[in-house]
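Undergrad: Pasting a structure here, questions to come.
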Amino acid sequence: MHKVVLLLGGNIGDRQANLTQARLEVDRQLGKVLQTSALYETAAWGVEDQPSFLNQALVILTALPPEELLQKIHKVEAKLGRKRQERWHSRTIDIDILFYGDLQIDTPTLTVPHSELHNRKFALYPLSEIAADWMHPDFKMSVKQLLDICPDKLPVKRFDKHHGLLTVDEF
0 MHKVVLLLGG NIGDRQANLT QARLEVDRQL GKVLQTSALY ETAAWGVEDQ
50 PSFLNQALVI LTALPPEELL QKIHKVEAKL GRKRQERWHS RTIDIDILFY
100 GDLQIDTPTL TVPHSELHNR KFALYPLSEI AADWMHPDFK MSVKQLLDIC
150 PDKLPVKRFD KHHGLLTVDE F
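Going by numbering that gives the first Met the number 0, the first residue of the sequence shown is number 0, and it counts up by one from there.
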(Lines of atoms letter the chains of each structure in order from A; the text may use other names.)
(Lines give C-alpha, C1' and ligand atoms only; values in the text may rest on other atoms or scores of the structure.)
Protein backbone atom coordinates (compact mmCIF):
# COMPACT_ATOMS: atom_id res chain seq x y z
CA MET A 0 0.00 0.00 0.00
CA HIS A 1 1.17 3.50 -0.83
CA LYS A 2 0.44 6.88 0.74
CA VAL A 3 -0.41 9.33 -2.01
CA VAL A 4 -1.19 13.04 -1.83
CA LEU A 5 -3.78 14.35 -4.29
CA LEU A 6 -4.96 17.87 -4.99
CA LEU A 7 -8.59 18.36 -5.99
CA GLY A 8 -9.68 21.57 -7.65
CA GLY A 9 -12.43 23.05 -9.75
CA ASN A 10 -13.88 26.36 -10.86
CA ILE A 11 -17.11 25.51 -12.71
CA GLY A 12 -20.54 24.83 -11.23
CA ASP A 13 -21.07 24.15 -7.55
CA ARG A 14 -17.40 23.93 -6.66
CA GLN A 15 -17.93 22.72 -3.11
CA ALA A 16 -20.35 19.98 -4.19
CA ASN A 17 -17.97 18.94 -6.98
CA LEU A 18 -15.10 18.58 -4.50
CA THR A 19 -17.32 16.58 -2.14
CA GLN A 20 -18.34 14.24 -4.95
CA ALA A 21 -14.73 13.89 -6.10
CA ARG A 22 -13.64 13.03 -2.54
CA LEU A 23 -16.31 10.30 -2.39
CA GLU A 24 -15.26 8.90 -5.77
CA VAL A 25 -11.60 8.91 -4.74
CA ASP A 26 -12.48 6.94 -1.60
CA ARG A 27 -14.60 4.45 -3.61
CA GLN A 28 -12.34 3.94 -6.61
CA LEU A 29 -8.77 5.01 -5.89
CA GLY A 30 -7.96 4.40 -2.25
CA LYS A 31 -8.95 5.05 1.33
CA VAL A 32 -9.01 8.76 2.17
CA LEU A 33 -6.92 9.19 5.33
CA GLN A 34 -6.77 13.00 5.64
CA THR A 35 -8.40 16.02 4.05
CA SER A 36 -7.45 19.67 4.20
CA ALA A 37 -9.85 22.56 4.44
CA LEU A 38 -11.06 24.15 1.20
CA TYR A 39 -9.01 27.00 -0.25
CA GLU A 40 -9.96 29.52 -2.93
CA THR A 41 -7.55 31.19 -5.36
CA ALA A 42 -7.70 32.97 -8.66
CA ALA A 43 -7.09 30.77 -11.69
CA TRP A 44 -3.34 30.17 -12.03
CA GLY A 45 -1.62 30.91 -15.31
CA VAL A 46 -4.61 32.61 -16.98
CA GLU A 47 -6.91 35.57 -16.46
CA ASP A 48 -10.66 36.00 -16.88
CA GLN A 49 -11.66 32.69 -15.31
CA PRO A 50 -13.68 31.95 -12.18
CA SER A 51 -11.72 31.31 -8.98
CA PHE A 52 -10.77 27.76 -8.08
CA LEU A 53 -11.66 25.91 -4.91
CA ASN A 54 -8.96 23.39 -3.90
CA GLN A 55 -8.47 20.66 -1.33
CA ALA A 56 -5.61 18.25 -0.60
CA LEU A 57 -6.13 14.60 0.34
CA VAL A 58 -3.86 11.87 1.64
CA ILE A 59 -5.00 8.46 0.44
CA LEU A 60 -3.81 4.90 0.92
CA THR A 61 -3.87 2.98 -2.36
CA ALA A 62 -2.72 -0.32 -3.80
CA LEU A 63 -2.79 1.08 -7.34
CA PRO A 64 0.52 1.59 -9.14
CA PRO A 65 1.14 5.19 -10.29
CA GLU A 66 0.12 4.87 -13.97
CA GLU A 67 -3.02 2.90 -13.12
CA LEU A 68 -3.89 5.48 -10.46
CA LEU A 69 -3.57 8.22 -13.09
CA GLN A 70 -5.84 6.32 -15.51
CA LYS A 71 -8.48 5.89 -12.82
CA ILE A 72 -8.18 9.57 -11.87
CA HIS A 73 -8.98 10.48 -15.47
CA LYS A 74 -12.06 8.22 -15.33
CA VAL A 75 -13.25 9.89 -12.11
CA GLU A 76 -12.71 13.33 -13.65
CA ALA A 77 -14.70 12.33 -16.75
CA LYS A 78 -17.51 10.90 -14.62
CA LEU A 79 -17.72 14.24 -12.80
CA GLY A 80 -17.96 16.22 -16.04
CA ARG A 81 -14.33 17.11 -16.74
CA LYS A 82 -13.72 17.96 -20.37
CA ARG A 83 -10.03 17.80 -21.27
CA GLN A 84 -9.23 21.00 -23.13
CA GLU A 85 -6.32 23.37 -23.30
CA ARG A 86 -3.98 23.63 -20.36
CA TRP A 87 -5.27 25.76 -17.46
CA HIS A 88 -8.84 25.96 -18.77
CA SER A 89 -11.84 26.10 -16.47
CA ARG A 90 -13.02 22.69 -15.27
CA THR A 91 -15.56 21.05 -13.01
CA ILE A 92 -12.86 18.94 -11.39
CA ASP A 93 -9.12 18.44 -11.61
CA ILE A 94 -7.26 15.79 -9.63
CA ASP A 95 -3.46 15.98 -9.53
CA ILE A 96 -1.00 13.56 -7.96
CA LEU A 97 1.32 15.72 -5.85
CA PHE A 98 3.27 12.94 -4.13
CA TYR A 99 3.24 9.15 -4.48
CA GLY A 100 5.03 7.96 -1.37
CA ASP A 101 8.68 8.86 -1.77
CA LEU A 102 8.76 7.94 -5.46
CA GLN A 103 10.08 10.21 -8.15
CA ILE A 104 8.36 9.54 -11.48
CA ASP A 105 9.10 11.17 -14.80
CA THR A 106 7.28 9.61 -17.75
CA PRO A 107 5.59 11.21 -20.77
CA THR A 108 2.24 11.00 -18.93
CA LEU A 109 3.15 11.47 -15.27
CA THR A 110 5.58 13.58 -13.25
CA VAL A 111 5.68 13.09 -9.48
CA PRO A 112 6.22 15.12 -7.41
CA HIS A 113 4.11 17.50 -9.45
CA SER A 114 6.56 19.60 -11.46
CA GLU A 115 5.06 22.98 -10.48
CA LEU A 116 4.16 22.23 -6.87
CA HIS A 117 6.85 24.51 -5.43
CA ASN A 118 5.49 27.47 -7.46
CA ARG A 119 1.82 27.19 -6.52
CA LYS A 120 0.39 28.46 -3.25
CA PHE A 121 -3.02 27.03 -4.16
CA ALA A 122 -1.44 23.58 -3.79
CA LEU A 123 1.01 24.31 -0.98
CA TYR A 124 -1.48 25.85 1.48
CA PRO A 125 -3.87 22.87 1.63
CA LEU A 126 -0.93 20.47 1.45
CA SER A 127 0.81 22.21 4.37
CA GLU A 128 -2.29 21.67 6.48
CA ILE A 129 -2.13 17.88 6.20
CA ALA A 130 1.48 17.14 5.23
CA ALA A 131 3.64 20.10 6.28
CA ASP A 132 6.65 17.90 7.04
CA TRP A 133 6.49 15.88 3.80
CA MET A 134 9.89 16.29 2.13
CA HIS A 135 10.16 17.20 -1.53
CA PRO A 136 12.77 14.79 -2.93
CA ASP A 137 14.17 17.22 -5.52
CA PHE A 138 14.46 20.30 -3.32
CA LYS A 139 15.18 18.48 -0.04
CA MET A 140 12.74 20.85 1.66
CA SER A 141 9.52 20.26 3.56
CA VAL A 142 6.18 21.44 2.20
CA LYS A 143 6.18 24.15 4.88
CA GLN A 144 9.61 25.37 3.79
CA LEU A 145 8.50 25.42 0.13
CA LEU A 146 5.45 27.46 1.10
CA ASP A 147 7.62 29.96 2.96
CA ILE A 148 9.67 30.68 -0.18
CA CYS A 149 6.96 30.22 -2.81
CA PRO A 150 7.10 33.00 -5.44
CA ASP A 151 3.36 32.79 -6.21
CA LYS A 152 1.68 36.14 -5.49
CA LEU A 153 -1.96 35.07 -5.95
CA PRO A 154 -3.98 35.51 -2.75
CA VAL A 155 -5.21 32.34 -1.06
CA LYS A 156 -8.39 32.25 1.00
CA ARG A 157 -9.39 29.46 3.35
CA PHE A 158 -13.06 28.51 3.23
CA ASP A 159 -14.70 28.39 6.64
CA LYS A 160 -18.26 27.08 6.68
CA HIS A 161 -19.21 29.48 9.47
CA HIS A 162 -17.44 32.61 8.22
CA GLY A 163 -17.14 32.19 4.45
CA LEU A 164 -13.79 32.93 2.86
CA LEU A 165 -10.93 34.22 4.99
CA THR A 166 -7.49 35.22 3.78
CA VAL A 167 -4.86 32.82 5.05
CA ASP A 168 -3.63 35.51 7.43
CA GLU A 169 -7.04 35.67 9.14
CA PHE A 170 -7.27 32.13 10.51
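Cβ atoms here follow ideal geometry from the backbone N, Cα and C, with glycine treated the same way.
#1: Beta-carbon within less than 6 Å of G80's beta-carbon, same chain only, minus the 5 sequence neighbours each way: which residues are those?
#2: Since A21 is in the alpha helix (DSSP H), which residue starts that stretch and which ends it?
#3: Tell me which residues share the same chain as I72 and place their Cβ nearer than 6 Å to its Cβ, disregarding the 5 neighbours each side in the sequence.
#4: Enumerate in chain order the residues of its own chain whose CB-to-CB distance from L7 is below 6 Å, with the five nearest sequence positions on each side excluded.
#5: I'd like the span of the beta strand (DSSP E) that includes Q59, first residue to last.
#6: State the start and end residues of the unbroken alpha helix (DSSP H) segment that holds E175.
#7: Just to confirm before moving on: does the CB-CB distance between K31 and I11 stay below 8 Å?
#8: Where do the ends of the beta strand (DSSP E) carrying I94 lie?
#9: What does the alpha-carbon distance come out to for the pair P64 and D101?
#10: I need the straight-line Cα distance from P112 to E76, nearest angstrom please.
#11: Contact defined as beta carbons within less than 8 Å: I believe R14 pairs with L57. What is the distance between those atoms, to the nearest angstrom?
#12: May I have the straight-line CA-CA distance separating P107 from E66, to the nearest angstrom?
TA: A quick look at the data gives this:
#1: T91
#2: R14 to Q28
#3: I94
#4: L18, A21, Q55 and I94
#5: Here residue 59 is Ile; the residue named in the question, Gln, does not match the sequence. F52 to T61 is the span of the beta strand (DSSP E), which, as asked, contains I59.
#6: What the structure shows of the chain is the stretch from 0 to 170, and residue 175 is not part of that stretch, so it cannot be assessed.
#7: no
#8: D93 to Y99
#9: 13 Å
#10: 20 Å
#11: Not a contact, Cβ separation roughly 16 Å.
#12: 11 Å
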